[in-house]
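Student: Residue numbers for the sequence shown follow our numbering, beginning at -3 and rising by one.
Yeah, the Cβ is synthetic: ideal placement off N, Cα and C, and Gly gets one too.
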Amino acid sequence: MSSELQPTALPIESAVHHHHDPAHIKVLVDRLARIEGHVRGISNMVREDRPCPEVLVQISAVRAALTQVARLILKEHLSDCIVHAVNNGGGLAEIQALNQAIDRFLD
């Protein structure tokens, strides 16, 4: 079994091409970099045989941080991408794509 993460589903097709504000992208990438570092720290904790409750608390913190990133992405998508799609005749398809993404996210 490979330790690499494998995609669990086909990509969701979007109705519009997404263009995001570079400042917003930087915020997301910076947060994801912090999360990546946090995950490496958890890996070190496991390697060092740290107590399970300590590891679980750190995993919980990473999950919460990822949820915050998802929340930021969703808000941006609703305020920019969906509005753009509606204004350009692709609103229904974009909303359907968003519904699929939300279903996968909540599984």
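Less than 8 Å between the C-beta atoms of I38 and I55, yes or no?
Tutor: On the sequence shown, residue 38 is found 42 positions in, with the first residue counted as 1. On the sequence shown, residue 55 is found 59 positions in, with the first residue counted as 1. Yes. Within cutoff.
Student: Could you tell me whether the Cβ atoms of I78 and G85 are closer together than 8 Å?
Tutor: Locating residue 78 in the sequence shown gives position 82, counting from the first residue. Locating residue 85 in the sequence shown gives position 89, counting from the first residue. Not closer than 8 Å, so no.
Student: For the alpha helix (DSSP H) that contains S75, what are its first and last residues?
Tutor: Residue numbering aside, residue 75 sits at position 79 when the sequence shown is read from its first letter. Note, S75: premise wrong, no alpha helix (DSSP H); not H, not E.
Student: So which of H73, H34 and A19 has the shortest CA-CA distance to V53?
Tutor: Indexing the sequence shown from 1 puts residue 53 at position 57. Out of H73, H34 and A19, H34 has the C-alpha closest to the C-alpha of V53.
Student: Since E72 and A81 should fall inside the 8 Å C-beta cutoff, what is the C-beta to C-beta distance between them, to a whole number of angstroms?
Tutor: Within the sequence shown, residue 72 is the residue found at index 76, counting from 1. Within the sequence shown, residue 81 is the residue found at index 85, counting from 1. The pair is not a contact, with the Cβ atoms about 13 Å apart (cut-off 8 Å).
Student: Sorted by chain position, which residues of the same chain lie with C-beta nearer than 7 Å to F101's C-beta, five sequence neighbours on each side aside?
Tutor: Within the sequence shown, numbered from 1, the residue matching residue 101 stands at position 105. So the list reads A66, once near-sequence residues are dropped.
Student: Report the CB separation of R36 from A61 in whole angstroms; it is logged as a contact under 8 Å.
Tutor: Start at 1 with the first residue of the sequence shown, and residue 36 comes out as number 40. Start at 1 with the first residue of the sequence shown, and residue 61 comes out as number 65. Going by Cβ atoms, the distance from R36 to A61 rounds to 14 Å, so no, they are not a contact pair.
Student: Within 10 Å of its beta-carbon, does A93 have 16 or more other beta-carbons around it, so buried, or fewer, so exposed?
Tutor: Here residue 93 is taken as the residue at index 97 of the sequence shown, counted from 1. It counts as buried.
Student: Which residue comes first and which comes last in the alpha helix (DSSP H) that contains R46?
Tutor: Taking the first residue of the sequence shown as 1, we reach residue 46 at position 50. No alpha helix (DSSP H) contains R46, which DSSP labels as neither H nor E.
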